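Following: one structure in structure tokens, then a few remarks.
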Amino acid sequence: MTTILSYRSRRTPRAVGWLLLTLVAATGCSSKHVTPEQQAQADLSACDAQIRKVVADPERAEQLVALTDEFNKLGWQSIAWVTEYRAKVAALNSNYDAKREDFEALISEQDAVRESFLKKALALREQMAAVATDAEWEQLKSARLRALENGLQQLSL
Amino acid sequence: MLIALLTVYLVMHFSSDSSALSEPFAQAAERIKKDVSDDARQKQALKIVDQMKSGAQAYTQKRDSSMDILVRLLAKRTTPATDIEHSSQPLIDEDRARALKLLDLRFELKSVLTASEWAKVFPVSDTYVR
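One line per chain: the protein sequences are A and B, in this order. The first sequence lines up with residues 1 to 157 when you count with our numbering. The second sequence lines up with residues 158 to 287 when you count with our numbering.
Quick look at the structure:
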């Protein structure tokens, strides 16, 4: 299985590092023995276990596990991207002489990337929906990846 | 399946334009009070920052009510991706409109402050890193 943070951009180690530190506080995982990466991995393992418990058919269960892992990676990639985008906006804002066109170009670039992220997310959701039954879908509503959810929440208004 | 995760994922993306532009202004009011000594310009600058903040609250409320519809769609397994995309579009449009409004206010604020005041209110060291 791919490690939780193996996706992360090499260009944003500082940003992701800060994000993970924030997540430690947000998720209450401040134990000296659990790193944020380990917590995120534990969330994913627990979610995978829940899928295998709910979906009796092993083939479909493994498909759902793989799709969930893929969504998890997409979620962390989105966080890294939005964190980097915010840094760019803040840097541009600090420049007194920055032009409006510079901001608009950045926003347009962000819009295009967002569209691509959303399309991937909805495609994954559709694949998950095709693999699960109504009853399984219902039971897996409660499945959580809390560290990822917290990371996403912190980047929302 | 993973409804909470999908919901926060979408919310984060639906506010990504405007939240990036809101973030630098979070501490602006305090710094304007400290670093802009001219009373009239300080008052004017604070009024603009207030407009930024009040707009954000109204935007968040409106977005949250639009999200309710989307959450119901996400909860239903058979909802086609096209329906979710269709319901997402107004949220994306609102986010972009809000970002452009913030941009208007940013340039309004710039017209009130000098370059040296701007450097103190929005220092490069503040470059956003979460």
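We put the CB at the ideal spot given by N, CA and C, even for glycine. As the structure is a computational prediction, the values presented were derived from the model and not from experiment.
C-alpha gap between residue i and residue j, whole angstroms
i	j	result
Trp81 of chain A	Lys53 of chain A	33 Å
Glu265 of chain B	Ala147 of chain A	39 Å
Asp225 of chain B	Trp275 of chain B	40 Å
Ile51 of chain A	Pro247 of chain B	33 Å
Ser222 of chain B	Arg253 of chain B	18 Å
Leu92 of chain A	Trp137 of chain A	44 Å
Ala26 of chain A	Leu257 of chain B	Because Ala26 of chain A carries a pLDDT of 46, less than 50, the predicted location of this residue cannot be relied on, and no value is offered for it.
Gly75 of chain A	Glu101 of chain A	30 Å
Val89 of chain A	Ala177 of chain B	6 Å
Leu155 of chain A	Arg255 of chain B	16 Å
Ser268 of chain B	Ala183 of chain B	19 Å
Ala272 of chain B	Arg114 of chain A	33 Å
Beta-carbon proximity check, residue i vs residue j, cutoff 8 Å
i	j	result
Arg220 of chain B	Glu251 of chain B	yes
Ala232 of chain B	Lys141 of chain A	yes
Leu259 of chain B	Ser179 of chain B	yes
Glu185 of chain B	Val193 of chain B	Checking the sequence, you will find Ala at residue 185 of chain B rather than Glu. No. Outside cutoff.
Leu262 of chain B	Gln208 of chain B	yes
Glu149 of chain A	Ala161 of chain B	yes
Arg198 of chain B	Val278 of chain B	no
Asp174 of chain B	Asp111 of chain A	yes
Phe103 of chain A	Ser78 of chain A	no
Leu67 of chain A	Leu124 of chain A	yes
Ala129 of chain A	Thr235 of chain B	yes
Met169 of chain B	Leu152 of chain A	yes
Leu230 of chain B	Ser211 of chain B	no
Test: residue i CB closer than 8 Å to a CB of chain C
i	result
Ala147 of chain A	Of the chains in the structure shown, none is chain C; the protein chains are A and B.
_Please identify, using Cβ separations under 9 Å, the residues of the stretch 39-72 of chain A that lie next to chain B, in order along the chain._
Along the stretch 39-72 of chain A, going in chain order, the ones with a CB nearer than 9 Å to a CB of chain B are Cys47, Ile51, Leu64, Thr68, Phe71, Asn72.
*asked:* Taking 8 Å as the cut-off, does the stretch 97-109 of chain A touch the stretch 56-68 of chain A (at least 3 CB pairs, one atom from each stretch)?
replied: They do not touch, by the three-pair rule.
*Which residues, taken in chain order from the stretch 176-191 of chain B, show a beta carbon closer than 7 Å to some beta carbon of chain A?*
Residues Ser176, Ala177, Leu178, Ser179, Glu180, Pro181.
*If you measure beta-carbon to beta-carbon, which residues of the stretch 197-223 of chain B are closer than 8 Å to chain A?*
Only those residues of the stretch 197-223 of chain B whose C-beta falls short of 8 Å from the nearest C-beta of chain A are listed: Ala213, Tyr216, Thr217, Arg220.
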